[in-house]
Ligand code: SF4
Ligand code: SF4
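Residue numbers (our numbering), protein chains in the order written: chain A, 2 to 131; chain B, 10 to 273.
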């Protein structure tokens, strides 16, 4: 179990290219995050919890689907940590598991309205499903 | 001037205006838009993980098409531009990623030469700024939009990540304001111009998108704007859907109007 978690952490760091050790815990990423209120865990917590190997709570939290990929936290982090890439890697780790898609094609018609651009649908599918 | 033009899926469906006015304006400015044959949807959003390969191949195919034609690749949709530019950056800077992509591409029916990010990726606004020039644009304006107070809405996709997009100053951009001035109107600067509208979250959490969108349209209104201009169909949708009291228009529509080619 220990080993599995370690391997998973390594994999997340590798695919995201993020080094959480660079973080100085200033909280600027969370301060600027437009989805702060919707999140249970905030961008700076993603960074510190991944560093300490606390992956499970993050992976089972709805917070991973609340990130807008707006990259404000990436461009405004004084240490170039890029928290959004870590959130993306955690979400991918979850949805790449068989049967773990967060959004299914069958659910989409009920979520649409006449004006919804295709861009919203393809983007959501790309972020939430494999 | 000839450029490779990647319209993207939304410009064929819900954002036909964005495309139509881009085509009319390009013609008026002497730019020929050459569409790649059989282009595929960019996917709408870039997946930042470096081990995501297949989802980026449609961008690579469009980039290779532009490279082979020795033309820059131009988009008007902020999302297509973001995905294609980020993919190109990864092809230039991430060797492992590039070699995996090229291994896929070698399986195509007519395999292209290995691609290393040679194509130049330009948003339509950059095409105007860097290749046409705002002075030339100003001289081409037939119906100046005199007295209109317009708020430029950048959102995130045009600007971020700043290191990759290199579009403008990430926190204090000026390209759309310069564009507005060239058309004879007056740009309005407001704090939320480079904040997110909520993006794709509109699909499953509309309340969240509403909060973000209202913050943007209220900020523009409170700073005296009469109108918001955008390059992104999803920004437009989110702002309008969530009750923006200001009209939200595509930059290509304003451009076509000022150039006198909106109605033909
Ligand atoms: S802004 Fe950067 S350095 Fe500050 S807490 Fe967030 S990740 Fe860490
Ligand atoms: S990219 Fe995600 S985590 Fe970062 S500021 Fe935007 S919404 Fe928040």
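No residue lacks a Cβ here, since even glycine has one placed at the ideal position from N, Cα and C.
How long is the line joining the alpha carbons of residue 81 of chain B and residue 75 of chain B, rounded to whole angstroms? 6 Å
Determine the closest residue to residue 112 of chain B out of B/101, B/157, B/124, with distance taken between C-alpha atoms. B/124
Residue 118 of chain A - partner residues in DSSP beta bridges: For residue 118 of chain A, which the question treats as bridged, DSSP gives no partner whatsoever.
Just confirm the distance between the C-beta atoms of residue 61 of chain A and residue 209 of chain B, as a whole number of angstroms; I'd bet it's less than 8 Å. Contact between residue 61 of chain A and residue 209 of chain B fails: their C-beta atoms lie close to 22 Å from each other, not under 8 Å.
Using a Cβ distance threshold of 8 Å, determine whether the region 94-111 of chain A contacts the region 216-235 of chain B, with at least three qualifying pairs required. no
Tell me whether residue 207 of chain B, by its Cβ, gets closer than 7 Å to a heavy atom of ligand 1. no
Between which two residues does the alpha helix (DSSP H) carrying residue 192 of chain B extend? Note, residue 192 of chain B: premise wrong, no alpha helix (DSSP H); not H, not E.
Proximity below 8 Å, CB of residue 106 of chain B to CB of residue 59 of chain B: Going by C-beta atoms, residue 106 of chain B is nearer than 8 Å to residue 59 of chain B.
Closer than 7 Å to a non-hydrogen atom of ligand 2 - does that hold for the CB of residue 88 of chain A? Residue 88 of chain A: yes, Cβ under 7 Å from ligand 2.
Closer than 9 Å between beta carbons: that is the criterion. Which residues of the region 188-214 of chain B meet it against chain A? 203, 204, 205, 206, 207, 208, 209, 210, 211, 212, 213, 214
Enumerated in chain order, which unbroken segments of the beta strand (DSSP E) with a length of 3 residues or greater are wholly contained in the region 15-46 of chain B? 41-43
If you reduce the DSSP assignment to three classes, tell me which class residue 43 of chain A lands in. The answer is coil: DSSP assigns residue 43 of chain A none of H, G, I, E or B.
Examine ligand 2 and report whether any of its heavy atoms sits within less than 7 Å of the Cβ of residue 168 of chain B. Relative to the non-hydrogen atoms of ligand 2, the Cβ of residue 168 of chain B never comes closer than 7 Å to any of them.
Shorter than 7 Å, the distance from the beta carbon of residue 82 of chain A to the closest heavy atom of ligand 1, or not? yes
Does residue 160 of chain B come out as helix, strand or coil in the three-state DSSP assignment? strand
If you draw a straight line from the C-alpha of residue 44 of chain A to the C-alpha of residue 82 of chain A, how long is it? Rounded to whole angstroms, residue 44 of chain A to residue 82 of chain A spans 11 Å at the Cα level.
Starting from residue 259 of chain B, follow the alpha helix (DSSP H) in both directions and report where the run begins and ends. That residue, residue 259 of chain B, is in no alpha helix (DSSP H); its beta strand (DSSP E) goes 257-259.
Run down chain A in chain order and give the residues with a C-beta less than 8 Å from the C-beta of residue 217 of chain B. 36, 39, 67
Quick one: using the 10 Å Cβ neighbour count with 16 as the cut-off for buried, is residue 95 of chain B buried or exposed? Residue burial is scored here from C-beta neighbours: residue 95 of chain B has at least 16 other C-beta atoms within 10 angstroms and is therefore classed as buried.
Chain B contact residues for residue 122 of chain A, given Cβ-Cβ distances below 9 Å: 53, 209, 212
Indicate whether at least one CB of chain A lies closer than 8 Å to the CB of residue 246 of chain B. yes
Residues near residue 79 of chain A by beta carbon distance below 8 Å, same chain, minus five either side: 25, 27, 29
Check whether the region 84-102 of chain B touches the region 156-166 of chain B, counting contact only when three or more Cβ pairs, one atom from each stretch, lie closer than 8 Å. yes
In whole angstroms, give me the CA-to-CA distance for residue 71 of chain A and residue 239 of chain B. 16 Å
Straight-line Cα distance separating residue 254 of chain B from residue 230 of chain B: Taking the straight line from one Cα to the other gives about 8 Å.
Rounded separation between residue 108 of chain B and residue 102 of chain B - CA only: Rounded to whole angstroms, residue 108 of chain B to residue 102 of chain B spans 11 Å at the Cα level.
Where do the N-terminal and C-terminal ends of the beta strand (DSSP E) with residue 237 of chain B fall, by residue? 236-239
Can you find the residues in the same chain that come closer than 6 Å, C-beta to C-beta, to residue 130 of chain B, ignoring five residues on each side of it along the sequence? 82, 93, 94, 97
Could you tell me which chain A residues have their CB closer than 9 Å to the CB of residue 242 of chain B, listed as they occur along the chain? 118, 119, 120, 121
Just checking: is the beta-carbon of residue 128 of chain A within a distance shorter than 8 Å of some beta-carbon in chain B? Yes, because at least one Cβ of chain B sits closer than 8 Å to the Cβ of residue 128 of chain A.
Considering only residues of the same chain and omitting the five flanking positions on each side of residue 242 of chain B, which have a CB-CB separation below 7 Å? 19, 23, 24, 27, 86
Of the listed residues B/126, B/136, B/73, nearest to residue 11 of chain B (C-alpha basis): B/136
Among residues of its own chain, excluding the 5 on either side of residue 264 of chain B, which ones have a beta-carbon nearer than 6 Å to its beta-carbon? 34
Give the DSSP bridge partners of residue 103 of chain A, in chain order. Note: residue 103 of chain A sits in no beta bridge, so no partner.
Pop quiz: residue 37 of chain B and residue 192 of chain B are said to be a contact at Cβ under 8 Å. What is the actual Cβ separation, rounded to whole angstroms? With 8 Å as the limit, residue 37 of chain B and residue 192 of chain B do not qualify as a contact, their Cβ atoms being about 13 Å apart.
Helix, strand or coil for residue 96 of chain B, going by three-state DSSP, please let me know. helix
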